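Student: Below you will find the structure I want to go over with you.
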Amino acid sequence: MLKLDRQWREFSLPYRSLSSVFPFFLAFDRQGKICSAGPSLVKFCSMLKPGSDFEKLFELVTPSIGFDFDRIMEQLFTTFFIRILDTEKLLRGQMLLRADDESELLLFLGAPVVREMSDITRWGLSLKDFAIHDSVIDLLLVLQAKNNTIRDIKRIHGLLEREVETRRKVERDLHELNEQLEQRVVERTLELKRSNQRLGQSLTLLEENNRELRVLNKMGEMLQGCASLEESLDVISYSLGRLLPHANGFLQLHADETIQPELSITWGGLSHQPVLQEIATDCQAIRTGEAVLYRSGGNLPCCHHLQGTPECDSVCIPLLANDSCFGRLSLQCFDRERNSDLGFQARLQLIYTAGEHISLALANLRLQENLRQQAVQDSLTGLYNRRYMNATLDREILRADREASTVGLVILDIDHFKRINDQHGHETGDRVLQCLGVFLKQRIRGDDVACRFGGEEFVLILPGVGLDDLVRRAESLCYEIAQGEFGVGVSELPALTVSMGVGLYPAHACAQDDLLICADAALYRAKSAGRNRVVCYRA
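In my numbering, the protein residues as written are 1 to 539.
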């Protein structure tokens, strides 16, 4: 027996007996606390522990009633499908009630849904972890069905006997009247059955529409709380997986000058990964800016990224913002459970509505990321701006006070930068600034911060560095720049040099403004001493 068996023994269940027949059994009380579990289920769900909450680990997929102890008891001997949260693992089985004077427990007797034999190995299981529980459960269902049939036969038999007795008493006098009445009953029964069927279909459709509306609203709320595009893609794939459980899909976003590189995500059973480099040219929806529907067996040729997908209905929806397309949403096999034309149109309208919600939410997130970047980054060099530098320097000084450490500050200025602008044009000057920004980002440590202070001045913040090391690193940068280890593509441009002023907290100053003044004074001395050098502040 597994060592894990011992942690379940304190519960009043025949653990050894249940484990041998139902190695995947699960027992939980009315409050949803897990009381016991089979050894194979413990291997199958590694997060399972005594006293865990059922709703935090599992989801009732079928029947879709959530965790409701009383409603589960009403559907005993119904086949249940339970999904382990955050995975694709499914359990299939039946529920039984175990009750005594002190407590009530529900026992789930089942096994994993195995689609391929490779799933068993991938889950860390073996054939020894499975037992005969499926046959026992099927036998229980057969016995229950037989008991129900016998009970129904007895009830019908009693009704028939009473009906026969009544008919014998009045048959001679009311034979003709009974025939007419029976005919009317048959007609009314058929009409009532048809009405009930229509009502049931309408009720089912209404419940489905309400569920879809709840999922859409929940997706909107979750997207509003997302802080990044990556987080929003996870929310969209999860929500569309619930909204269209039979559909496969993928979502891709374009890259542009201000937003991070292209992102994509797939969900469902989709094994086909579209080619990202062709996103802007291979999709008719992106080229036209309108949703495109591809019917199975239709004459409209599919986009390149849909070729090789299953023969089923597919739709591509462009993601638009201000009449500009920034991505696409593609769904395949989204209508397997609705065969009527009315149901198909309703599902298609639902997809279009979801696409509009997603477009709006992603456009807002892209705008927020763009604004965040503009607030802290210099658009020309890609380095942090002066606002971010002030906040970072304040934060590093506070950290240095807590940890009794230091903060190094280097202010560097490009020598004779005005002469470059005057002789070679502002375009060349901008290219010099850009190349210097790239050079500085490549040369600093991961904890260091490079900022553009303004004009041709740059600031380097180096936390936890000693004065000698700070000066050596500044001199190394100054030397590399003077040796022309980065270029701007202008052969007539003379070798660039920079002047640097170095200050150290708390050796030279006790506050941010004072540290900047000290480093700037050292920079002035470097300029006065002939440029292309590093000067450390001295009082």
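Note that the Cβ used here is the ideal one computed from N, Cα and C, for glycine as well.
Bear in mind that the values here come from a model prediction, so they are computed numbers and not experimental data.
1) Near A495, which residues of its chain fall below 7 Å by C-beta distance, leaving aside the five closest residues on each side in sequence?
2) Determine the closest residue to Q368 out of G110, L229, D53, G382, with distance taken between C-alpha atoms.
3) Let me know the secondary structure DSSP gives A519 once reduced to three states.
4) What do you reckon, are the CB atoms on V432 and L493 nearer than 9 Å?
5) Quick check on the DSSP output: what are the complete alpha helix (DSSP H) runs of length 4 or more inside the stretch 376–404, in order along the chain?
6) Suppose you measure from the CA of R188 to the CA of G66; what does that come to, to the nearest Å?
7) Taking the alpha-carbon positions, what's the E427 to N421 distance?
8) Closest to F344 by C-alpha separation, out of Y294, L362, C536, A519, would be which residue?
9) Rounding to the nearest angstrom, what Cα-Cα distance links R155 and E116 in this structure?
10) Let me confirm a value: Y537 is counted as buried when at least 16 other C-beta atoms fall within 10 Å, else exposed. Which label applies?
11) Per DSSP, K579 is paired with what?
12) Taking 9 Å as the cut-off, decide whether the C-beta atoms of I358 and I461 are in contact.
13) From the DSSP output, in three-state form, read off S314 for me.
14) At the level of alpha carbons, what is the spacing between D234 and P245?
15) One question on the structure: do V534 and V502 come within less than 9 Å of each other, judged by their Cβ atoms?
16) Going by the CB atoms, is the gap between V498 and D413 shorter than 9 Å?
17) From this set, F108, A375, G124, which residue's C-alpha is nearest A37's C-alpha?
18) Taking the alpha-carbon positions, what's the A526 to E457 distance?
19) When the distance is taken between beta carbons, is D119 closer than 9 Å to P39?
20) What's the C-alpha gap between S135 and N210?
21) Please report the residue range of the beta strand (DSSP E) in which Q332 lies.
22) Please classify T204 as buried or exposed, where buried requires at least 16 neighbouring CB atoms within 10 angstroms.
23) Alpha carbon to alpha carbon, what distance is there between G429 and C618?
24) Determine whether the beta carbon atoms of L331 and L240 lie at a separation below 9 Å.
25) Applying the 10 Å Cβ sphere with the 16-neighbour rule, what's the burial state of C226?
26) Using a threshold of 9 Å, state whether the C-beta atoms of Q60 and I82 are closer than that.
27) Should R452 and L398 be called a contact, given that it needs their Cβ atoms to be closer than 9 Å?
28) So within the stretch 204–261, which uninterrupted beta strand (DSSP E) runs reach at least 3 residues, ignoring any that extend past its ends?
29) Report all residues from its chain with a CB closer than 8 Å to the CB of V215; omit the five preceding and five following residues, and keep chain order.
30) Assuming E102 is part of the beta strand (DSSP E), what are its boundary residues?
31) Within its chain, find whatever has a CB closer than 6 Å to the CB of D447; leave out the 5 residues flanking it on each side and keep chain order.
32) Taking the alpha carbon of R443 as the reference point, which residue from V21, S476, H416 has its own alpha carbon closest?
33) Select from P63, F25, K89 the residue whose C-alpha is nearest the C-alpha of T78.
34) Taking the alpha carbon of H254 as the point to measure from, which residue in G425, P318, F80 has its own alpha carbon closest?
35) Whole angstroms is fine: what's the gap from T258's alpha carbon to K49's?
36) Can you give, in chain order, each stretch of the alpha helix (DSSP H) that sits fully within the stretch 409–493 and has at least 4 residues?
Tutor: Based on what the coordinates show:
1) Only A482, G484 meet the Cβ criterion.
2) Distances from the alpha-carbon of Q368 to those of G110, L229, D53, G382 put L229 closest.
3) Helix, per DSSP.
4) Yes. Within cutoff.
5) Counting only runs of 4 or more, we get 386–403.
6) When the Cα atoms are used, R188 and G66 turn out to be separated by approximately 38 Å.
7) So the two alpha carbons sit approximately 8 Å from each other.
8) Among Y294, L362, C536, A519, the Cα nearest to that of F344 belongs to Y294.
9) As the crow flies, the alpha-carbon of R155 is around 46 Å from that of E116.
10) So Y537 ends up on the buried side.
11) Absent from the structure is residue 579, since the part of the chain shown begins at 1 and ends at 539.
12) No, Cβ-Cβ distance for I358 and I461 is not below 9 Å.
13) Here S314 sits in strand by DSSP.
14) Taking the Cα positions, D234 is about 16 Å away from P245.
15) Cβ distance < 9 Å, so V534 and V502 count as in contact.
16) In contact: D413 and V498 (Cβ atoms closer than 9 Å).
17) Of the listed residues, the one whose Cα sits closest to A37 is F108.
18) For A526 and E457, the distance between alpha carbons rounds to 14 Å.
19) By the CB criterion at 9 Å, P39 and D119 fall outside the cutoff.
20) Residue confidence for S135 is low, a pLDDT of 48 falling below 50, so the modelled location carries little weight and cannot support an answer.
21) 324–332 is the span of the beta strand (DSSP E), which, as asked, contains Q332.
22) It counts as exposed.
23) It is not possible to answer for residue 618, since the shown part of the chain is limited to 1 through 539.
24) In contact: L331 and L240 (Cβ atoms closer than 9 Å).
25) Result: buried.
26) Per the sequence presented here, residue 60 reads as Leu, with Gln not at that position. In this structure, L60 places its C-beta atom within 9 Å of the C-beta atom of I82.
27) For the pair R452 and L398, the CB atoms are not nearer than the 9 Å cut-off.
28) 248–253, all fully within the stretch 204–261.
29) Excluding residues within five positions, the ones whose Cβ falls inside 8 Å are S239, R242, L243.
30) Counting along the chain, E102 sits inside no beta strand (DSSP E), nor does DSSP assign it H or E at all.
31) Excluding sequence neighbours, D447 sits near P463.
32) Nearest C-alpha to R443: S476.
33) Its Cα nearest to that of T78, the residue P63 stands out among P63, F25, K89.
34) For the set G425, P318, F80, the Cα lying nearest the Cα of H254 is the one of P318.
35) Note that T258 scores a pLDDT of 41, beneath 50, so its modelled location is shaky and nothing firm can be said.
36) Segments of the alpha helix (DSSP H) lying fully in the stretch 409–493: 417–424, 426–443, 467–482.
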